[in-house]
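Participant:
There are 4 protein chains.
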Amino acid sequence: MIIVMKHGAGKEELAEVKKRIRELGYKTHVIHGETRNVLGAIGDERGKSVLQSLESLPGVESVVPILKPYKLASREVKLEPSIIDLGNGVSIGGEKLVVMAGPCAVESEDQILETAYAVKASGATVLRGGAFKPRTSPYSFQGMEEEGLKLLALAREATGLPVITEVVNPRDVELVARYADILQVGARNVQNFALLKMLGRLDKPILLKRGMATTIQEFLMSAEYILAEGNQRVILCERGIRTFETATRNTLDLSAVPVLKEQTHLPVVIDPSHATGHARLVPSMSYAAVAAGCDGLIIEVHPCPEKATSDGPQSLRPEAFASMMEKVRAFAAVAGKTI
Amino acid sequence: MIIVMKHGAGKEELAEVKKRIRELGYKTHVIHGETRNVLGAIGDERGKSVLQSLESLPGVESVVPILKPYKLASREVKLEPSIIDLGNGVSIGGEKLVVMAGPCAVESEDQILETAYAVKASGATVLRGGAFKPRTSPYSFQGMEEEGLKLLALAREATGLPVITEVVNPRDVELVARYADILQVGARNVQNFALLKMLGRLDKPILLKRGMATTIQEFLMSAEYILAEGNQRVILCERGIRTFETATRNTLDLSAVPVLKEQTHLPVVIDPSHATGHARLVPSMSYAAVAAGCDGLIIEVHPCPEKATSDGPQSLRPEAFASMMEKVRAFAAVAGKTI
Amino acid sequence: MIIVMKHGAGKEELAEVKKRIRELGYKTHVIHGETRNVLGAIGDERGKSVLQSLESLPGVESVVPILKPYKLASREVKLEPSIIDLGNGVSIGGEKLVVMAGPCAVESEDQILETAYAVKASGATVLRGGAFKPRTSPYSFQGMEEEGLKLLALAREATGLPVITEVVNPRDVELVARYADILQVGARNVQNFALLKMLGRLDKPILLKRGMATTIQEFLMSAEYILAEGNQRVILCERGIRTFETATRNTLDLSAVPVLKEQTHLPVVIDPSHATGHARLVPSMSYAAVAAGCDGLIIEVHPCPEKATSDGPQSLRPEAFASMMEKVRAFAAVAGKTI
Amino acid sequence: MIIVMKHGAGKEELAEVKKRIRELGYKTHVIHGETRNVLGAIGDERGKSVLQSLESLPGVESVVPILKPYKLASREVKLEPSIIDLGNGVSIGGEKLVVMAGPCAVESEDQILETAYAVKASGATVLRGGAFKPRTSPYSFQGMEEEGLKLLALAREATGLPVITEVVNPRDVELVARYADILQVGARNVQNFALLKMLGRLDKPILLKRGMATTIQEFLMSAEYILAEGNQRVILCERGIRTFETATRNTLDLSAVPVLKEQTHLPVVIDPSHATGHARLVPSMSYAAVAAGCDGLIIEVHPCPEKATSDGPQSLRPEAFASMMEKVRAFAAVAGKTI
């Protein structure tokens, strides 16, 4: 932590700040600059947010953190990439590009089975489908709940694909874990710390979506909540951030892929469906994501998007998904991955 | 809902869209434009997000909603402003400007009592204090939990001030409701729909904070979740949105006050502490909020900000709060309110 | 400037960075931390952006600037607020709140005279009106150009109000300066450095609008361009920044007022018309701006907004402006200002 | 244009709006909804921003544009993609992926020649280099101006590469056009309409960069300014938009590629250097851009980034550029392009 003193701050103010830093268990080191003094607080500052409160002392201009605030998620703690077993022989983070596909919401047995067979035939290795749906409107379809989970399990049995589904309430974690192979935390719950802590005590992989206004650093701190409770199987998912642009539903931040790869050992998945909000933009953004070096894609596919209960406009038809997968395969090969 | 057809879309495509709109229970009305056709779908479109899926039909360029998607929160349903009883004789939404003040986190009996007496003496009529703290880092202080709630209850007994405190887990709603007069939903939980539904079944006022990337329309939809479950006592709180600017912690969107006043009957409170992140900016933003027409303020006050376990830099010392309140009173008078 | 070395960077890398910093004319100072080293580069770093390039050296993690990059705009260089003479006996930055009002664009002699008399009667002391209009569309009305300037001069003669008008092309600076009392730089030209340099050599006050995506620091750097050329009469204007929110045209960042007041001696004006984009939101945001401590307001007023060639929706009718001014006066009194 | 009437607006208000729409030369068409009426204004609304002013009429809730406001840039006007001749046998928009590379600023004969030979050897077909530099700080290096242009011409003669360089002042357009093959408009000048109009009268290709807060629609309107003056050779360049994320300098909006490809016939180039701000992120974002379907890349390359006068941290060394180009070639092949 670097503490920048104000222009004109006096000796007593400096002494007071030094004293306070030492009380908090750090060594201090002063750099006397030409127009102001700067103090370094030496020691592991992670988890000691209290240092930030020094900004309230007289003579302090600002407090600048230097270390990254996360540990377990960091490349400094674990250098090699994490390869995470997803069940049914599928793993993510290694040389295989994992494609998760399926409808936004599970709507019926026919719908989920038809989609599961179709996406499997095109090369998807995980089936996605929502049973608990966090919807902006209380009047919108909120998901089939346990009935939906059962249909996902049925589709897994039929196709062999492990299933990923969202959990929105800490209360439902156990229930969802009984049916799902991977539990998903949606963008709206990225800082639902009660939920993250519960998932940290689970023995299942967690796919954590970045929030619409979550910085990469905050995103890794949310992952750290899960890791700190003991669950090391966390998959990060970039799904678009909120910006001023309205041509797309969100703005896909693909530079998050190389930034995350630098800072963490956890695998990174891209969701071009929620990022763009329009099915016709999904293929090009999938190709771009693969070229950027992601470990997987999560794609919305629906047999009849115009009748979907949610997210129809961003869902690919099975044929469009199939033809996209041909090109995904070719880009993956150049990126050094196979499907 | 307005459905805009593509330039060059043919008769069959138009017919198909009309057919589908009628199947969904709307009347249709076509406007034949010079370069493209536009369809109106007549009927109450609220809660029928399925219309958006028509974008997947061939020939459709875009689907443009016309009606606001909320009902109970709307001025169209309830014209006069809601005045909400907060307990201990305090109410919000009428002619009294309500000032809620106190520390970010309850830290000790001495701290909360000292603060409570001080803020009351300066004119605050509600005591704030966190017992369950949603912190970005799992290594930061997470609050005193039930112990903190007990201290808040003690401070209420001592001072007569009703207390507001945050709840972060649906599991804790009953517990928090036993001690608190007002339950607060933090910015990170604005779309934690499981939590909102639980609070909708409670007989206590709820203060709902806008999220960092929540549009005003989404904010009202979150309020609608609580209202739709039966709890009509919802207070809205603007606390800064996330933008590119880093001089402040967030960007306080004060224009939300007149926009919300136009669209909803619910009272509006401003939180300049989280919005600015710096105690020295809190007074001017409090004055501005009052002049903009808000119904209340929620302010962080700490007897010793440099030792605060969280949010020290944005907490006012009691003396600074007292002198700010003098001027708040004067601005409130011009705005037609008293404290 | 603080240079943070990577975790695990070696002695030779550190030595190389030190050597390079010294070559650039700074003293160095190393803080040996627990997990990484940090170097301070001591010396006036302003204007030496070349230090940032040290990030390219092996072993360097990041380069963190400490000093503010502006000088002449800074409170450190000039402590007392600048009071700027605007002509015809009007000055800004002192105890008088200056209200600039008038149409977005000058459209005719009748229109500008009618508006000028009306806003003067309500208390405005500067007349605004655009003759060169930067419009998003090449097919929109681009202003009356010199004809419009002549009409502004006529209105000044008739009412005694000094006039402010925008200049968009360095070529036109002299022409506009012949007619205008204050030259305005629009948000789109905040980093049109060729224009700023020309204006820096002029002997007229400049009102510089913040850009839609301009940080406060960049805004002050743009002011510095004008100051560095010799023109000390710069007025800063916050007019809303671009965010994800669409309920308003832009998001008015009122916290810019106290932040700018802290960092610079230059006066600060608020433009609630462009910030909100809707006439009905202008009064409350004007009150809030005054309460926040601004030095002036700039308001769009049009005798017949529904026929305005530009910005109709955000223009107040003269009667609405008059009634707003009554309350502006009362809020200004509490803020310690008169009109 | 769709005009939405307020809930409860009366017959006279509706009649007034109809009358006004007809006066403006449109036909009207009313849809009587369940809770409010909606009017369609039929006619070509482009360039008639005055319709927006109808929002000021009593009873009007909002005015919603339906048509895209640009014409010449639109796919509706010109279906097939534009292939633009850049000089020296290079063209963009067809099957060749064009890579423009070189230093941020021209600094010396040695620097520009060394870089030009190096980037040509790796496959670049256009040389970039700035002679007029728009810098945030007035104290930073502002470019070699005409001297720099001469060095670029020298490098073109030596290598045969056409050169692209920025122009920032309408006054310099002729001067720059004497030396450059392509004139670049920087992000800060995307709405410098005086400059755009001058460039529209030139017989040289223009590369127009998107601004930091420019929507795709506004970006196309800026292109329209150039096209409307007669110059049809416009190349669009996405270079990152400003968001809340600080891990990268800007946020690269790669979804702009398919969105622009849908809406316009103009070629699209990606600038991953300015978008990311860090050389180590440039390769993966270049691969992603190619996979997304762009027509070209513009990349900063410097023989010694740690000594660069500007943008050192984001400049690739020639060796890094060479190895990146190997992989760019492979991704381009999958995307159906050659270099």
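Residue numbers (my numbering), protein chains in the order written: chain W, 28 to 366; chain G, 28 to 366; chain F, 28 to 366; chain A, 28 to 366. Glycine included, every Cβ here is placed at the ideal spot set by N, Cα and C.
So for VAL217 of chain W, helix, strand or coil by DSSP?
Facilitator: VAL217 of chain W falls in the coil class under three-state DSSP.
Participant: Could you check the C-alpha separation between LEU343 of chain A and VAL190 of chain A for me, to the nearest Å?
Facilitator: Whole-angstrom Cα-Cα distance: 19 Å.
Participant: Quick check on DSSP: helix, strand or coil for GLU136 of chain G?
Facilitator: If DSSP states are grouped into helix, strand and coil, GLU136 of chain G belongs with the helices.
Participant: Put ILE297 of chain A into one of helix, strand or coil per three-state DSSP.
Facilitator: Here ILE297 of chain A sits in strand by DSSP.
Participant: Would you please verify whether the beta carbon of VAL65 of chain W is less than 9 Å from any beta carbon of chain F?
Facilitator: Yes, because at least one Cβ of chain F sits closer than 9 Å to the Cβ of VAL65 of chain W.
Participant: Would you say TYR166 of chain W faces chain G, with C-beta separation under 9 Å as the test?
Facilitator: Answer yes: the Cβ-Cβ gap between TYR166 of chain W and chain G drops below 9 Å somewhere.
Participant: Just list the beta strand (DSSP E) runs in the region 274-351 of chain W, keeping only unbroken ones of 3 residues or longer that don't cross its boundaries, in chain order.
Facilitator: Listed in chain order, the complete beta strand (DSSP E) runs (minimum 3 residues) inside the region 274-351 of chain W are 295-297, 323-327.
Participant: Could you name the residues of chain F that ARG269 of chain W contacts, counting a contact when the two beta carbons are closer than 8 Å?
Facilitator: Here the neighbours are PHE271.
Participant: Can you pull out the residues from the region 201-229 of chain F whose beta carbon lies closer than 7 Å to at least one beta carbon of chain A?
Facilitator: Listed in sequence order: ARG215, ASN216, GLN218, ASN219, PHE220, ALA221.
Participant: Since ALA128 of chain A is in the beta strand (DSSP E), which residue starts that stretch and which ends it?
Facilitator: ALA128 of chain A -> beta strand (DSSP E) spans 125-129.
Participant: Take GLU40 of chain G and list the residues in its own chain whose beta-carbon comes closer than 6 Å to its own, dropping the five residues that flank it on each side.
Facilitator: Answer for GLU40 of chain G: PRO85, GLY86, listed in chain order.
Participant: Which residues of chain A have a Cβ atom closer than 8 Å to the Cβ of ALA240 of chain W, listed in chain order?
Facilitator: Chain A residues near ALA240 of chain W: PHE271.
Participant: Is the CB of TYR314 of chain W under 9 Å away from at least one CB in chain A?
Facilitator: Yes, because at least one Cβ of chain A sits closer than 9 Å to the Cβ of TYR314 of chain W.
Participant: Tell me, to the nearest whole angstrom, how far the beta carbon of LEU66 of chain G is from that of LYS45 of chain G; I am working on the premise that it is less than 8 Å.
Facilitator: Sure, about 7 Å apart at Cβ, within 8 Å.
Participant: Nearest by alpha-carbon distance to GLY238 of chain F: which of F:GLU265, F:ALA357, F:PRO232 is it?
Facilitator: Closest by alpha carbon: F:GLU265.
Participant: Is there contact here, the region 322-334 of chain F with the region 294-311 of chain F, by at least three beta-carbon pairs under 8 Å?
Facilitator: They touch, by the three-pair rule.
Participant: Roughly how far, in whole angstroms, is the beta-carbon of LEU279 of chain A from the beta-carbon of SER282 of chain W, given that I think they are within contact range, below 8 Å?
Facilitator: Indeed they touch by this definition, with Cβ atoms about 5 Å apart.
Participant: For the region 30-59 of chain W, list the beta strand (DSSP E) runs that are entirely contained and at least 3 residues long, ordered along the chain.
Facilitator: Correct list: 54-59.
Participant: Under 9 Å, Cβ to Cβ, is there at least one residue of chain F near VAL31 of chain W?
Facilitator: So, interface residue.
Participant: May I ask you to list, following chain order, the residues of the region 182-202 of chain W that have a beta carbon less than 8 Å from some beta carbon of chain A?
Facilitator: Those would be none; no residue qualifies.
Participant: Could you give the uninterrupted runs of the beta strand (DSSP E) lying entirely in the region 193-263 of chain A, keeping only those of 3 residues or more?
Facilitator: 209-212, 233-236, all fully within the region 193-263 of chain A.
Participant: Can you name the start and end residues of the alpha helix (DSSP H) that ARG155 of chain G belongs to?
Facilitator: Looking at the DSSP string, ARG155 of chain G is not in any alpha helix (DSSP H); the run it does join, the beta strand (DSSP E), is 153-155.
Participant: Could you check whether the region 203-210 of chain G touches the region 131-145 of chain G, counting it as contact only if at least three pairs of C-beta atoms, one from each stretch, sit closer than 8 Å?
Facilitator: Touching, no.
Participant: To the nearest angstrom, report how far apart ILE243 of chain G and PRO161 of chain F are at their CA atoms.
Facilitator: Cα to Cα, the separation comes out at about 30 Å.
Participant: Do ARG269 of chain A and PHE271 of chain G have their beta-carbon atoms positioned less than 9 Å apart in this structure?
Facilitator: Yes. Within cutoff.
Participant: Closest to CYS131 of chain G by C-alpha separation, out of G:LYS105, G:SER149, G:PHE168, G:LEU202, would be which residue?
Facilitator: It is G:PHE168 whose Cα lies nearest to the Cα of CYS131 of chain G.
Participant: Is ARG94 of chain F helix, strand or coil by DSSP?
Facilitator: It is Leu, not Arg, that sits at residue 94 of chain F in the sequence shown. It is coil, neither helix nor strand.
Participant: Are any of the Cβ atoms in chain F nearer than 9 Å to that of VAL91 of chain W?
Facilitator: VAL91 of chain W counts as touching chain F.
Participant: What does the alpha-carbon distance come out to for the pair SER311 of chain W and VAL284 of chain W?
Facilitator: So the two alpha carbons sit approximately 16 Å from each other.
Participant: I need the DSSP call for VAL104 of chain A, collapsed to helix, strand or coil.
Facilitator: Coil, per DSSP.
Participant: With a Cβ-Cβ cutoff of 9 Å, do PRO340 of chain G and GLY363 of chain G count as a contact?
Facilitator: Contact: no.
Participant: Classify THR273 of chain A: buried if its beta carbon has 16 or more other beta carbons within 10 angstroms, exposed otherwise.
Facilitator: With fewer than 16 other Cβ atoms within 10 Å, it is exposed.
Participant: Within 9 Å of any Cβ in chain A, is that where the Cβ of GLU245 of chain F sits?
Facilitator: Yes, its Cβ sits closer than 9 Å to a Cβ of chain A.
Participant: Strictly under 9 Å for the Cβ-Cβ distance: is HIS34 of chain G near chain W by that measure?
Facilitator: Taking Cβ atoms only, chain W never reaches closer than 9 Å to HIS34 of chain G, which makes this a no.
Participant: Out of curiosity, what's the CA-to-CA distance linking ASN196 of chain F and GLN218 of chain A?
Facilitator: Cα-Cα distance, rounded: 12 Å.
Participant: Would you kindly work out how many angstroms separate the C-alpha atoms of ASP322 of chain W and THR186 of chain G, rounded to a whole number?
Facilitator: If you take the alpha carbons of ASP322 of chain W and THR186 of chain G, they lie about 57 Å apart.
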